[in-house]
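According to my numbering, the sequence shown holds residues 20 to 193 in order.
Report on the structure given below.
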Amino acid sequence: MNERYIQHPHLHQGRYRIKQKTQSFINEISIISSKRSKLNKWKQNAITVAGGNGPGQGLNQLNSPLGIFIDEKKNIFIIDRSNDRVVEWKYNAKKGKIIAGGNGQGHRIYQLDRPTDVTVDQQNHSIIIADCGNNRVIQCLNQNQQVLIENTHCSRLATDKYGFLYVCDYKKNS
Numbered sequence: 020m021n022e023r024y025i026q027h028p029h030l031h032q033g034r035y036r037i038k039q040k041t042q043s044f045i046n047e048i049s050i051i052s053s054k055r056s057k058l059n060k061w062k063q064n065a066i067t068v069a070g071g072n073g074p075g076q077g078l079n080q081l082n083s084p085l086g087i088f089i090d091e092k093k094n095i096f097i098i099d100r101s102n103d104r105v106v107e108w109k110y111n112a113k114k115g116k117i118i119a120g121g122n123g124q125g126h127r128i129y130q131l132d133r134p135t136d137v138t139v140d141q142q143n144h145s146i147i148i149a150d151c152g153n154n155r156v157i158q159c160l161n162q163n164q165q166v167l168i169e170n171t172h173c174s175r176l177a178t179d180k181y182g183f184l185y186v187c188d189y190k191k192n193s
């Protein structure tokens with residue numbers, strides 16, 4: 020396990036120790052408070068795993084990607100905001116698959132309007148989407164979609180280990 024020391028403008032004044040555990044696909048990082056005065060910089064190695072072919076509507080393209088979720092199988096679910104769709108990229112795939120939206124911007128149940136975030140319910144493998152422009156949170160399961168929450172200016176989503184869904188509403192500041 021490597022240890023690095025950083026300073027960050029959004030953290031309280033002082034030094035912080037980062038422990039980084041390298042996995043085959045994801046780096047797990049945790050910040051631990053420390054009073055040491057050493058500051059190290061490190062290079063990050065990154066590769067493009069989705070998109071990277073300029074903005075567009077092709078299955079190998081994204082246009083204003085916003086929210087992402089990575090499931091247990093290392094599949095990546097991406098909010099493709101300007102294309103009003105959610106695209107799933109299987110691990111090591113060269114192109115994605117549209118799993119929600121992609122039918123033009125709109126308010127019908129099969130359409131999205133400026134989505135902002137996505138999460139996956141690991142228990143039933145449904146996709147949950149913050150459909151911001153339509154002020155709703157929707158759930159997609161086996162090509163069926165239903166509205167979970169209406170009249171919410173949803174911006175971000177999260178689920179906990181018990182399956183509870185948390186929604187940020189930017190207009191209600193909640």
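Note that CB positions come from ideal geometry on N, CA and C, so glycine has one too.
Contacting residues, own chain, Cβ-Cβ under 6 Å from residue i (five flanking each side not counted)
i	result
Leu-184	Thr-178
Asn-170	Asn-154
Thr-138	Phe-88, Ile-147, Leu-176 and Thr-178
Closest Cα partner of residue i within the set the options
i	options	result
Val-106	Trp-61, Arg-127 and Gly-77	Gly-77
Lys-191	Pro-134, Ser-174, Ile-147 and Gly-182	Ser-174
Asn-111	Thr-67, Asn-163, Leu-176 and Tyr-181	Thr-67
Gly-125	Asp-150, Gly-71, His-144 and Ser-145	Asp-150
Gln-142	His-172, Lys-113, Gln-165 and Lys-180	Lys-180
His-172	Gln-162, Asp-136 and Gly-73	Asp-136
Tyr-134	Gln-158, Asn-64 and Asn-72	Reading the sequence as shown, one finds Pro at residue 134 and not Tyr. Of the listed residues, the one whose Cα sits closest to Pro-134 is Gln-158.
Gly-152	Lys-62, Lys-60, His-144 and Tyr-189	Tyr-189
Cβ-based neighbour list, residue i, same chain, cut-off 7 Å, excluding 5 preceding and 5 following
i	result
Ala-69	Leu-81, Ile-95, Ile-97, Trp-108 and Gly-115
Asn-102	Gln-76, Asn-82 and Gly-121
Tyr-129	Asn-122 and Gln-164
Ser-43	Its pLDDT being 46, under 50, Ser-43 is placed unreliably by the model, and nothing is read from it.
Residue i classed as buried or exposed, judged by whether at least 16 other C-beta atoms fall within 10 angstroms
i	result
Arg-155	buried
Gly-5	Residue 5 lies beyond the range of the chain shown here (20 to 193); nothing can be said about it.
Leu-131	buried
Arg-100	buried
Leu-160	exposed
Ala-119	buried
Val-166	exposed
Residues near residue i in its chain [Cβ-Cβ closer than 8 Å; skip 5 each side]
i	result
Gly-182	Asp-140, Gln-141 and Gln-142
*What are the start and end residues of each continuous beta strand (DSSP E) run of 3 or more residues lying completely inside the region 147–182, in chain order?*
The beta strand (DSSP E) runs of length 3 or more contained entirely in the region 147–182 are, from start to end of the chain, 155–160, 163–169 and 173–178.
*Complete alpha helix (DSSP H) runs within the region 52–111 (minimum length 4 residues, chain order)*: Counting only runs that start and end inside the region 52–111, there is no alpha helix (DSSP H) element of at least 4 residues.
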